[in-house]
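For the sequence shown, the residue numbers in the numbering used here are 19 to 355.
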Amino acid sequence: MKKKLLILTTGGTIASVETPAGLIPALSSEQLLSYLPEIGEDFQLTTKALYSLDSTDVTPQHWITIAEEIRSSYDDFDGFVVCHGTDTMAYTAAALSYLIQNSPKPIVLTGAQKPIGFEITDAKGNLRDSILYAADSQSCGVQIVFDGEVILGTRAKKTKSLSYAAFSSINYPVLASIRDSRIIRYIRQEQEATEPTFYNKLNTRVFLLKLTPGELPTLLPEIFKVYDCIIIESFGVGGIPDSLESALFRELRKYRPEEKILAMTTQVTYEGSHIETYEVGRKLKDRFSILEAKDMTLEALLTKLMWILSAEGQSWDDIYRKFYTPVAADTLYSQPK
Ligand code: ASP
19 MKKKLLILTT GGTIASVETP AGLIPALSSE QLLSYLPEIG EDFQLTTKAL
69 YSLDSTDVTP QHWITIAEEI RSSYDDFDGF VVCHGTDTMA YTAAALSYLI
119 QNSPKPIVLT GAQKPIGFEI TDAKGNLRDS ILYAADSQSC GVQIVFDGEV
169 ILGTRAKKTK SLSYAAFSSI NYPVLASIRD SRIIRYIRQE QEATEPTFYN
219 KLNTRVFLLK LTPGELPTLL PEIFKVYDCI IIESFGVGGI PDSLESALFR
269 ELRKYRPEEK ILAMTTQVTY EGSHIETYEV GRKLKDRFSI LEAKDMTLEA
319 LLTKLMWILS AEGQSWDDIY RKFYTPVAAD TLYSQPK
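Right, here's the structure in full:
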């Protein structure tokens with residue numbers, strides 16, 4: 019029996035055409051698939067256009083729409099492929115990893131650096147590989163398939179703006195390679211659940227503050243007033259500079275830890291934060307109840323916090339426990355000090 023797959027399209031370069039104003043996503047989902055005429059012979063494909071956006075315009079509401087679409091058709095298909103712009107694909111992949119947990123059926127995100135209609139393009143290969151991977155009975159969970167690599171949804175990051183190898187797997191091995199339509203698996207994904215757990219709420223009041231040397235603290239009180247959670251993307255293994263310390267500590271003292279969540283992460287792509295290492299980091303960790311990203315990607319950190327903080331009335335312990343409970347292998351640090 020042919021595997022049944024649902025191909026959802028959302029726009030992005032893969033579905034774009036050239037216009038005088040620049041590339042614009044315009045192809046319908048049927049048009050997109052018409053570039054792979056042979057693939058329909060091996061699989062039973064159903065396409066649906068969810069939206070037609072440059073992924074720059076994708077918001078958390080769109081993540082929820084994709085998850086809801088998969089939930090409502092989950093029983094009818096063996097796997098799902100989401101065609102998406104590459105710019106924010108890693109955020110969508112991370113968000114879907116929290117909105118759809120323990121899925122025994124694969125959910126594959128893909129896209130391209132060049133439109134599918136171009137003579138020279140990575141789009142056809144990426145789409146073909148994604149369909150193959152989504153149809154394979156060993157596949158499960160959320161991942162990105164791109165340039166012959168399969169990257170776990172919670173570990174993906176766009177690290178190249180032009181090259182075909184646009185995505186990297188951060189602090190975690192790639193799950194598999196796909197060469198000449200053959201899947202070579204490196205990691206066996208454990209999938210014990212028979213049913214996925216779906217969520218449909220995210221708290222979008224999560225702010226990212228990127229540190230720069232000598233940054234002024236002027237906006238901190240405003241940020242604390244408006245947002246439920248502040249992620250500080252610090253330097254190296256992590257620390258708070260003198261220029262921000264007193265203003266930040268003043269804000270933190272105004273609120274209970276569960277009222278305003280502070281999460282520390284690093285601007286360094288690989289090897290994670292370790293904020294107890296230096297005095298500039300330890301002074302924060304010793305004095306306040308905070309969370310630390312460790313080896314998580316920023317995309318996973320942000321969307322995990324949006325998912326955790328969507329629940330009402332949680333204590334600091336509830337939040338802490340959920341944060342340090344790995345979801346879809348998003349962290350190897352399940353029991354921090
Ligand atoms: N700007 C495009 C997008 O993210 C880039 C791409 O798809 O590669 O929609």
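Quick reminder that beta carbons are idealized off the backbone N, C-alpha and C, glycines included.
Every value quoted in this text rests on a predicted model; they were computed, and no experiment measured them.
- According to the DSSP secondary-structure assignment, VAL100 is paired through a beta bridge with LEU26, LEU127.
- In the pairwise beta carbon analysis, the region 294-303 is classified as not touching the region 197-214: fewer than three pairs are separated by under 8 Å.
- At a Cβ-Cβ threshold of 8 Å, LEU41 and ILE25 do not count as neighbours.
- Residues PRO122, CYS158 of the same chain have their beta carbon placed closer than 6 Å to that of GLN209, with the five preceding and five following residues left out of the count.
- Comparing C-alpha distances from PRO43 to each of GLY30, PRO55, TYR217, TYR53 shows the shortest one belongs to GLY30.
- If you draw a straight line from the Cα of VAL345 to the Cα of ASP154, it is about 23 Å long.
- In terms of side-chain proximity, the C-beta atom of GLN131 is found nearer than 7 Å to a non-hydrogen atom of the ligand ASP.
- With fewer than 16 neighbouring CB atoms inside 10 Å of its own CB, PRO191 falls in the exposed class.
- Distances taken from the Cβ of THR31 to the heavy atoms of the ligand ASP include one shorter than 7 Å.
- Under the DSSP assignment, GLN79 falls in the alpha helix (DSSP H) whose first and last residues are 78-91.
- The beta carbons of TYR69 and THR28 sit closer together than 8 Å.
- As a beta-bridge residue in DSSP terms, SER186 pairs with LYS175.
- A check of alpha carbon separations from MET282 across ALA108, LEU319, GLY135 identifies LEU319 as the nearest.
- PRO275 carries a coil assignment under DSSP once its states are collapsed to helix, strand and coil.
- A direct Cα-Cα distance of roughly 7 Å separates ASN144 from ALA130.
- With 16 or more other CB atoms across the displayed protein chains lying within 10 angstroms of its CB, TYR116 is buried.
- Between LEU262 and the set PRO275, VAL35, LEU227, the nearest pair of CA atoms involves LEU227.
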